[in-house]
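Under my numbering, the final residue of the sequence shown carries the number 333; numbering is consecutive throughout.
For glycine and all other residues, C-beta sits at the position ideal for the given N, C-alpha and C.
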Amino acid sequence: MDQFTNNDNSGMVGFLVGIIILVFAGIFFSLLADKRFSFSSNRISLESTIRDEKVELDSLKSRLETAREHWRKHCEPLSSQGDSVSEVAASLRADQARVKGLREEVTAAKAELATVAEDYEEYRSRYRQQVRGAASEEQLGELKSRTGRTYTNVTIRKVSAAGIEIRHDQGISRLLPEELDPAWHERFQWTRDEVTKTLEEEKARQDRHNRFVDQKNAASAGPEEKPRKSNSKPKRAKKETKADPRLAGLREEVRETRSRYMSAQSEASRARSEASMNRGKSVPGSLETWSERAIRMESAAGRLRSQYMAARGKLAAMAPTDSLLSDEDR
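Written as structure tokens, this is what we have:
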């Protein structure tokens, strides 16, 4: 009986041991299965990471190759040019210093040129005065102007900044530079500005003279002054102060014709100058060319000169010593 009891206990113990072994075996296999699954997952994730890293590595290799190529083409040649760059910089500094020196030389040259120009202008002025003064009383057999008029037995009275004044068989005349051949220009060194300025000044002086004469004539033609205490006879004083209307009319005619003649002559001179500089061009605001205007104004000046000379002749016949006749013929 004890034997059967011992056998039962042994079987129970074996059974329990078997169960325990099975339990441990199940736990072991469960853990083993979990580890295998985890290892598989980790392996997949690792492979994906390796692929991503490989792609990034390829990209980095491509970028590195591109950078190397850029270095070889653009940077590497410059790295060996340090000495050349230094030489260029030194040359640039030297050029800048040279430019500064040249600018100083240019400034000095301009100042010297201005001085030379002033000296030349002074010399030219002295030369013109000397040559023009030496021509006084020079005798010419015949002189033909560019307008076609011929003067005989000519003697130069004076050479001015606006032409020459001559005596000839017909009287006294003045010729503007434009009426003379180029040889006269070369000899007496006339300039356009000089001629224009001189003519304007002469016209202004003539206008002032005319106003003075008009005022003087108006005063002499006014009411008779009260007799002063003197031995002169009143009747004679009245006769001297009385103005002659015919004489006043002749004087006015001389002034008007002379003014119109001078204006036409100045306009003709200006038109000739413009025509020589602007060949074939029209006068602003007109279809007439400068050459056509010069011809027209020269013709008008010729007619007005004839009128002026005729008025002078009338005045000279009536009052040979009149102050208006002392004006030089133009």
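Three-state secondary structure (DSSP) of residue i
i	result
residue 220	helix
residue 141	coil
residue 52	helix
residue 194	coil
residue 247	coil
residue 105	helix
residue 184	coil
residue 232	In this prediction, residue 232 scores a pLDDT of 46, lower than 50, which makes its location untrustworthy; no coordinate-derived value is stated.
Rounded straight-line distance, which links the Cα of residue j to that of residue i
i	j	result
residue 291	residue 101	56 Å
residue 316	residue 124	43 Å
residue 220	residue 179	32 Å
residue 89	residue 116	40 Å
residue 150	residue 105	53 Å
residue 296	residue 271	7 Å
residue 50	residue 59	14 Å
residue 302	residue 127	35 Å
residue 217	residue 304	25 Å
residue 133	residue 274	30 Å
residue 199	residue 99	48 Å
residue 306	residue 176	15 Å
residue 48	residue 56	12 Å
residue 31	residue 54	34 Å
residue 25	residue 19	10 Å
residue 183	residue 286	24 Å
residue 352	residue 108	Outside the modelled stretch of the chain, which goes from 4 to 333, sits residue 352, for which no answer is possible.
Bridge-paired residues (DSSP) for residue i
i	result
residue 162	167
residue 277	Residue 277 is not bridged to any residue.
residue 175	170
residue 371	Since the displayed the chain opens at 4 and closes at 333, residue 371 lies outside it and no answer follows.
residue 154	146
6 Å CB neighbourhood of residue i in its chain, flanking five on each side removed
i	result
residue 33	none
residue 158	142 and 170
residue 314	256, 257 and 260
residue 268	304
residue 165	198, 201 and 202
residue 78	none
Neighbourhood of residue i by C-beta, 8 Å cutoff - its chain only, sequence neighbours within 5 removed
i	result
residue 130	192
residue 163	135 and 201
residue 66	none
residue 2	Residue numbering for the chain in the displayed model covers 4 to 333; residue 2 lies beyond these limits and cannot be assessed.
residue 71	none
Own chain residues within Cβ distance below 7 Å of residue i, not counting five before or after
i	result
residue 294	278
residue 250	321 and 322
residue 281	293
residue 138	159 and 162
**Request:** Could you pull out every unbroken alpha helix (DSSP H) segment of at least 4 residues lying fully inside the stretch 268–325, listed in chain order?
**Result:** Listed in chain order, they are 293–321.
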